[in-house]
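Peer 1:
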Amino acid sequence: MKVDISRYRFFTFEYKDDFDGNFSFGGNKSGYAFKGEDLQIKGWILPNFDTESYQLNLEVIENGRVIKSYPIELLDSPDVASQFKDMSAAVKSRYHLTIDHNLLQNDEYVVRLAYNSQAGRQRKRIKVWDIALISDTCKTPPVFVVGSPRAGTTAIGNSLRIALGAKNYGEHHFIELQKRINQTINEYFTTYHTRSDVGTFIEDISPALVKLKFENNVKDLYSHWNTGNYIVDKTPGRNMLNCIPLLLEIWPESKFIYCKRRAYENVRSRLAKFPNLDIYQHSSQWVETMNTWRKVKKHIPRNNFIELDQQDMRKECSDLKIFLKSFLTDELVNRVIEGLNDIEPQKSNYTDKDNFDSNIVKSICGDEMQLNGYSLDPQKYYD
């Protein structure tokens, strides 16, 4: 059935665990593919097996049927030859492929690079990689409020929800489910004993397509259950930060607001709010959260995230305004800022029983505090 499709979402699965040899995939492995824009793929391939009886093909597959198949001629590759000097095949091992989006008219496709051979009645296939493309019609833009608990995520999340008319979920804690599903899919397609047996469904179906279909279900749930023109997901904690690469696969346009707070203030607030954990556990979690963010933010386009310290949230908010104006109207930006100024910050009921000791916090969190420009002097916030 033909449908009006303006963009596809794509994901790449590489058969490195089963391929006898080496190969490199160049270009983005996930993202959006827009109608009218060809997808360019570069790389090289260097099998360890005799390829004389095989033909390297680029196949376009729809509903399990190959609708187009292109023989691939490998190109000169002096750079690869210099890396693999003992392999004569390395002199011609590069490819530069173009996927014509005019082929794409329906909901989903798989583009597969594979060696194919027909020896008598027995068909052999050695897969290199798959690119699955699936139509993407869920276009509600998401804003994710992440960071450490007790660092201002509630204030930011609530001001965004109210201003943008998003559904009022206090926290989501949902995307971790898809992360676990993806891990199961990857493990299944790389370890199950019949995964390479030609003639089985598991060998024929693309792991990339399976993953995209599960992810599209999550994207569809977010769009339909989070009513409004925007999705606002406030989920603090380390697990959500570790899901950011997945969020960028599902929503490449994602915006992130990272809320942080110095360890002294954050740990003391945590102890009052969550007394079931001790100061050592809260301090270690603070370090892990800050360290995780520093690693995962490298995956996010620089204009798609901002870091906010709770200490500065209710000041002029000039950096936040600039960030919000990159994807919101001036009217909505003003609503967010006004809402942030109107919301009363959550207060922690500190007592002498909190067992707070700044020396313990300093011993565990000191290095990370200094990396983030915080003073180790409890009476002075920034260095």
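Quick note: the sequence shown uses my numbering, first residue -4, plus one each step.
Glycine included, C-beta positions come from ideal geometry on N, C-alpha and C.
1. Taking DSSP as the reference, what is the three-state secondary structure of M(-4)?
2. If you follow the beta strand (DSSP E) that D199 is in, where does it begin and where does it stop?
3. Using 8 angstroms as the threshold, is the C-beta distance between E248 and P136 below it?
4. Mind checking which residues open and close the beta strand (DSSP E) that includes T63?
5. Where do the ends of the alpha helix (DSSP H) carrying F184 lie?
6. What are the boundary residues of the beta strand (DSSP E) that includes S278?
7. Determine the direct distance from the alpha carbon of R256 to that of A146, and round the result to whole angstroms.
8. Please go through the same chain and pick out, in chain order, the residues whose beta-carbon is closer than 7 angstroms to the beta-carbon of Y225, but skip the five residues on each side of it.
9. What's the gap between the Cα of H277 and the Cα of N354?
10. Count the other C-beta atoms from every protein chain shown that fall within 10 angstroms of the C-beta of V193, then say buried if there are 16 or more, exposed otherwise.
11. Return the first residue and the last residue of the alpha helix (DSSP H) that T148 is part of.
12. Straight-line CA distance for K229 to T46?
13. Would you check if the distance between the CB atom of V140 and the CB atom of I126 is smaller than 8 angstroms?
14. What does the Cβ neighbour count give for G152, buried or exposed, with the cut at 16 atoms within 10 Å?
15. How big is the Cα-Cα spacing for E302 and I252?
16. By the three-class DSSP mapping on this structure, what secondary structure does P42 have?
17. Leaving out five residues before and five after S279 in sequence, what residues of the same chain have Cβ atoms less than 7 angstroms from its Cβ?
18. Is I239 buried or exposed, if buried means 16 or more other CB atoms sit within 10 Å of its CB?
19. Between R2 and K268, what straight-line distance do the alpha-carbon atoms span, to the nearest angstrom?
20. Run through DSSP, which three-state label would P137 get?
21. Quick check: what's the CA-CA separation for Q117 versus N111?
Peer 2: So, to answer that:
1. Position 1 of the sequence shown, counting from 1, holds the residue named residue -4. Only weak support is given to the placement of M(-4): the predicted model assigns it a pLDDT of 38, under 50, and the question is left unresolved by the model.
2. Taking the sequence shown and counting its residues from 1, the one referred to as residue 199 is at position 204. D199: not part of any beta strand (DSSP E); member of the alpha helix (DSSP H) spanning F196 to D199, first to last residue.
3. Mapped onto the sequence shown, residue 248 falls at position 253. Mapped onto the sequence shown, residue 136 falls at position 141. Result yes, Cβ atoms of E248 and P136 sit closer than 8 angstroms.
4. By one-based count along the sequence shown, residue 63 stands at place 68. The question names Thr, yet the displayed sequence has Lys at residue 63. Segment R60 to P66, the beta strand (DSSP E) holding K63.
5. Reading the sequence shown from its first residue, position 189 is the one you call residue 184. Taken as a continuous stretch (DSSP letters only), the alpha helix (DSSP H) holding F184 covers I170 to T186.
6. Position 283 of the sequence shown holds residue 278. Residue range I274 to V291 is occupied by the alpha helix (DSSP H) that includes S278, with no beta strand (DSSP E) assigned at that position.
7. On the sequence shown, residue 146 is found 151 positions in, with the first residue counted as 1. On the sequence shown, residue 256 is found 261 positions in, with the first residue counted as 1. Rounded to whole angstroms, the gap between the alpha carbons of A146 and R256 is 5 angstroms.
8. Start at 1 with the first residue of the sequence shown, and residue 225 comes out as number 230. The residues are T135, P136, V138, L159 and A161.
9. Reading the sequence shown from its first residue, position 282 is the one you call residue 277. Reading the sequence shown from its first residue, position 359 is the one you call residue 354. Straight-line measurement puts the Cα of N354 at about 14 angstroms from the Cα of H277.
10. For the purposes of this step, residue 193 is taken as the residue at position 198 of the sequence shown. In this structure V193 is exposed. Its beta-carbon is surrounded by fewer than 16 other beta-carbon atoms within 10 angstroms.
11. Position 153 of the sequence shown holds residue 148. Residues T148 to L159.
12. In the sequence shown, the residue the question calls residue 229 occupies position 234. In the sequence shown, the residue the question calls residue 46 occupies position 51. One Cα belongs to K229, the other to T46, and the distance between them is close to 52 angstroms.
13. Locating residue 140 in the sequence shown gives position 145, where the first residue counts as 1. Locating residue 126 in the sequence shown gives position 131, where the first residue counts as 1. No, Cβ-Cβ distance for V140 and I126 is not below 8 angstroms.
14. In the sequence shown, the residue the question calls residue 152 occupies position 157. That one is buried.
15. Sequence index remark: in the sequence shown, residue 302 carries index 307 (1-based). Sequence index remark: in the sequence shown, residue 252 carries index 257 (1-based). When rounded, the distance between both Cα atoms is 6 angstroms.
16. Residue numbering aside, residue 42 sits at position 47 when the sequence shown is read from its first letter. Looking at P42 - three-state DSSP - the assignment turns out to be strand.
17. Position 284 of the sequence shown holds residue 279. The residues are I359.
18. As a first step, residue 239 must be located in the sequence shown, where it is residue number 244. Result: buried.
19. In the sequence shown, counting from the first residue as 1, residue 2 sits at position 7. In the sequence shown, counting from the first residue as 1, residue 268 sits at position 273. One Cα belongs to R2, the other to K268, and the distance between them is close to 45 angstroms.
20. The count along the sequence shown starts at 1 and reaches residue 137 at position 142. Three-state DSSP puts P137 in a strand.
21. On the sequence shown, position 122 is the one that residue 117 refers to. On the sequence shown, position 116 is the one that residue 111 refers to. The straight-line gap from Cα to Cα measures roughly 11 angstroms.
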